[in-house]
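Enquirer: Below is one structure. I have some questions about it.
2 protein chains.
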Amino acid sequence: MSLKHAVLALVAERRGYGYELAQRFEARIGPGWQLSPSAVYPALEQLERSGLVVADVQVRGARQGPRVLYAATPAGNAALETWLHAPVDRPDPVRSELHLRLAFGQPDARPALAVQLTDRIRGCERLLARCAARLHHDEPPNAPARLIAAGVVARLEAELRWLHELRDVLAAERA
Amino acid sequence: MSLKHAVLALVAERRGYGYELAQRFEARIGPGWQLSPSAVYPALEQLERSGLVVADVQVRGARQGPRVLYAATPAGNAALETWLHAPVDRPDPVRSELHLRLAFGQPDARPALAVQLTDRIRGCERLLARCAARLHHDEPPNAPARLIAAGVVARLEAELRWLHELRDVLAAERA
Numbered sequence: 201m202s203l204k205h206a207v208l209a210l211v212a213e214r215r216g217y218g219y220e221l222a223q224r225f226e227a228r229i230g231p232g233w234q235l236s237p238s239a240v241y242p243a244l245e246q247l248e249r250s251g252l253v254v255a256d257v258q259v260r261g262a263r264q265g266p267r268v269l270y271a272a273t274p275a276g277n278a279a280l281e282t283w284l285h286a287p288v289d290r291p292d293p294v295r296s297e298l299h300l301r302l303a304f305g306q307p308d309a310r311p312a313l314a315v316q317l318t319d320r321i322r323g324c325e326r327l328l329a330r331c332a333a334r335l336h337h338d339e340p341p342n343a344p345a346r347l348i349a350a351g352v353v354a355r356l357e358a359e360l361r362w363l364h365e366l367r368d369v370l371a372a373e374r375a
Numbered sequence: 201m202s203l204k205h206a207v208l209a210l211v212a213e214r215r216g217y218g219y220e221l222a223q224r225f226e227a228r229i230g231p232g233w234q235l236s237p238s239a240v241y242p243a244l245e246q247l248e249r250s251g252l253v254v255a256d257v258q259v260r261g262a263r264q265g266p267r268v269l270y271a272a273t274p275a276g277n278a279a280l281e282t283w284l285h286a287p288v289d290r291p292d293p294v295r296s297e298l299h300l301r302l303a304f305g306q307p308d309a310r311p312a313l314a315v316q317l318t319d320r321i322r323g324c325e326r327l328l329a330r331c332a333a334r335l336h337h338d339e340p341p342n343a344p345a346r347l348i349a350a351g352v353v354a355r356l357e358a359e360l361r362w363l364h365e366l367r368d369v370l371a372a373e374r375a
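In structure tokens, the structure reads:
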């Protein structure tokens with residue numbers, strides 16, 4: 201999933217620094233992505249090494265450290281155009297750490313997994329509430345943030361139904 | 201998502217070589233993951249560098265090239281145990297290249313996106329059919345493959361409903 205390109209798009213819009221770019225990313229995409237702000241820095245470094253962005257160190261007041269501002273280069277703008285026209289016709293992979301744990305865990309680890317599912321369900325419900333709030337943003341119904349939120353909410357609702365069923369199955373094994 | 205650990209788990213079960221491990225992975229997890237068999241090789245290299253697996257070059261008949269067989273080391277078995285008991289209590293991120301393209305694409309790129317959605321819907325339907333087939337495997341209902349398939353099918357069905365809505369919205373803009 202191309203975080204690198206999203207960071208490039210943000211920088212091309214207007215120059216920015218690491219943490220601020222992470223905030224702009226979440227404002228656009230929403231909390232469903234679960235962006236870790238620290239993931240923005242390696243993306244910026246990779247873009248800089250490829251010559252797609254340039255870094256400009258901004259010296260600030262005595263009390264604040266310097267800040268690194270990034271801007272897109274002409275090569276960066278060209279790469280962005282290419283990405284924005286690349287095909288998105290293939291379905292996303294459906295992957296979860298939980299699938300791996302179900303497949304590779306020993307049967308005697310399943311009761312512990314069932315216990316963890318209760319926390320996972322709670323976390324999923326909290327995330328769903330935050331994403332669903334964006335469905336009612338003060339924006340036109342076909343604004344990107346609302347279209348994205350609809351997709352995220354649909355996936356999370358489906359995930360929650362599955363998690364409840366899974367917990368019931370694993371809990372019944374314990375009995 | 202920890203493909204590296206899944207590959208380690210497969211190798212710990214019994215030693216294997218790249219392509220065969222990819223096949224065993226898909227038999228366990230199903231087609232929803234969309235594993236690219238070539239992704240197994242960097243995972244094996246990383247595991248080897250960390251001392252978690254060892255490679256053994258197997259010389260075969262004159263007509264076949266040598267084959268590299270991998271086996272788990274004691275450190276690999278210990279790392280596997282740690283991973284199998286790591287928490288899975290946090291919800292998965294909900295990420296899609298399509299979310300990025302909606303957020304960062306220009307409005308005039310939306311008609312082209314709507315056209316691509318038709319192919320994406322078809323691909324998603326094909327993937328769903330393959331994953332749903334695993335729900336009826338000749339296995340107990342709480343076998344890992346069936347539990348995983350239920351989760352994958354739920355996500356893909358939700359995704360398809362969203363893709364249809366999204367295509368309708370974007371197509372209406374064109375009119």
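Read top to bottom, the protein sequences are chains A and B. Those letters in the first sequence? Residues 201 to 375, by the working numbering. Those letters in the second sequence? Residues 201 to 375, by the working numbering. Backbone N, C-alpha and C fix where the C-beta goes; we use that ideal spot for every residue, glycine too. From a predicted model like this one, the values you see are computed outputs, not experimental measurements.
1) Buried or exposed for residue 167(A), going by 16 or more other Cβ atoms inside 10 Å?
2) What does the alpha-carbon distance come out to for the pair residue 254(B) and residue 270(A)?
3) Which word fits residue 311(B), buried or exposed, when buried means at least 16 other C-beta atoms lie within 10 angstroms of its C-beta?
4) Tell me whether the beta-carbon of residue 350(A) lies closer than 7 Å to the beta-carbon of residue 334(A).
5) Roughly how many angstroms separate the alpha carbons of residue 356(A) and residue 294(B), rounded to a whole number?
6) For residue 257(A), which residues does DSSP report across the bridge?
7) For residue 299(A), decide whether its Cβ has a neighbour in chain E, counting only Cβ atoms nearer than 7 Å.
8) By the criterion of Cβ-Cβ separation under 7 Å, what are the contact partners of residue 344(B) in chain A?
9) Kindly indicate which three-state DSSP category residue 251(B) falls into: helix, strand or coil?
10) Spell out a yes or no on whether the stretch 279-293 of chain A and the stretch 321-337 of chain A are touching, meaning 3 or more CB-CB pairs, one atom from each, closer than 8 Å.
11) For the alpha helix (DSSP H) that contains residue 223(A), what are its first and last residues?
12) Return the chain-ordered ranges of every alpha helix (DSSP H) run that is complete within the stretch 295-348 of chain A and spans a minimum of 4 residues.
13) Using CA coordinates, which residue listed in 340(A), 359(A), 279(A) and 299(A) is at the minimum distance from residue 154(B)?
14) Please report the distance separating the alpha-carbon of residue 258(B) from that of residue 245(A).
Expert: In short:
1) In the structure displayed, chain A extends from 201 to 375; residue 167(A) sits before or after that span and is not available.
2) A straight line joining the alpha-carbon of residue 254(B) with that of residue 270(A) spans about 43 Å.
3) When all chains shown are included, residue 311(B) counts as exposed.
4) Not closer than 7 Å, so no.
5) When rounded, the distance between both Cα atoms is 8 Å.
6) For residue 257(A), which the question treats as bridged, DSSP gives the partners 268(A).
7) This model lacks chain E altogether; the protein chains it does include are A and B.
8) Here the neighbours are 302 and 303.
9) Assigned with DSSP and collapsed to three states, residue 251(B) falls in coil, not helix or strand.
10) Look at the beta carbons and you see the stretch 279-293 of chain A not touching the stretch 321-337 of chain A: under three pairs across the two are nearer than 8 Å.
11) The continuous alpha helix (DSSP H) containing residue 223(A) extends over residues 218-229.
12) 297-304 and 310-333, all fully within the stretch 295-348 of chain A.
13) Look at the range of chain B in this structure, 201 to 375, and you will see that residue 154(B) is not part of it.
14) As the crow flies, the alpha-carbon of residue 258(B) is around 40 Å from that of residue 245(A).
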